[in-house]
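Q: Below you will find the structure I want to go over with you.
What follows is the structure, encoded as structure tokens:
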């Protein structure tokens, strides 16, 4: 008869709770994967000369040149000034005049104030455009005098309309 081999002792079954717990090894592995590996990859790529950010950045001189180029505005041509004057004429004579007419037709002070604020909102950009033309005509001596005179005339008209709107403001006493 064959001899029986002695029974081997089995290891104690491990519980599932022990496997689910985080231990120091798991924490170390997570820290290495999250922090150390990306830093090492960036350092190695930097050492061999590959840009990490996707493209090589500008040096100081190139960056200053780009900033100066972004602020550069070419001188205004007389044709551009005429186009701006036409747009200002439309804004003042058509749009702002219509809003002022609507405000004068209203009896309700709130509605009157609403239309006056819209008219002021139209006159503001028109005034800024006219001021830009006047500034440019001061710098650019080749700009025709009639453009400067027309801009001055429209600026006077815009100021007159603003003054009238301020005088007709229904809430002027309470402001």
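In the numbering used here, the protein residues as written are 215 to 389.
Even glycine gets a Cβ: it sits at the ideal position worked out from N, Cα and C.
Closer than 6 Å by C-beta to residue 336: which residues in its own chain qualify, once you throw out the five before and the five after it? Chain order, please.
A: For the purposes of this step, residue 336 is taken as the residue at position 122 of the chain shown. Within the same chain, residue 336 has close Cβ partners 305, 309 and 310.
Q: So, for residue 292: in the same chain, excluding its five sequence neighbours on each side, which residues have a beta-carbon less than 7 Å away from its beta-carbon?
A: If you number the chain shown from 1, residue 292 lands on position 78. 357, 358 and 361.
Q: If I'm right that residue 377 touches residue 323 with Cβ under 8 Å, what's the distance once you round it to whole angstroms?
A: Walking along the chain shown from the start, residue 377 turns up at place 163. Walking along the chain shown from the start, residue 323 turns up at place 109. Going by Cβ atoms, the distance from residue 377 to residue 323 rounds to 20 Å, so no, they are not a contact pair.
Q: According to DSSP, simplified to helix, strand and coil, what is residue 287?
A: The residue labelled residue 287 in the question sits at position 73 within the chain shown. It is coil, neither helix nor strand.
Q: Apply the 10 Å Cβ neighbour rule to residue 333 and answer buried if 16 or more other Cβ atoms are within range, or exposed otherwise.
A: For this step, residue 333 is matched to residue 119 along the chain shown. Residue 333 should be labelled buried.
Q: Let me make sure I understand the geometry here. Which of 346, 247, 240 and 312 has the alpha-carbon closest to that of residue 297?
A: Here residue 297 corresponds to residue number 83 of the chain shown, with the count starting at 1. Among 346, 247, 240 and 312, the Cα nearest to that of residue 297 belongs to 346.
Q: Using a Cβ-Cβ cut-off of 6 Å (strictly less than) and excluding sequence neighbours within five positions of residue 314, which residues of its own chain qualify?
A: Against the chain shown, residue 314 aligns to sequence position 100. Within the same chain, residue 314 has close Cβ partners 333.
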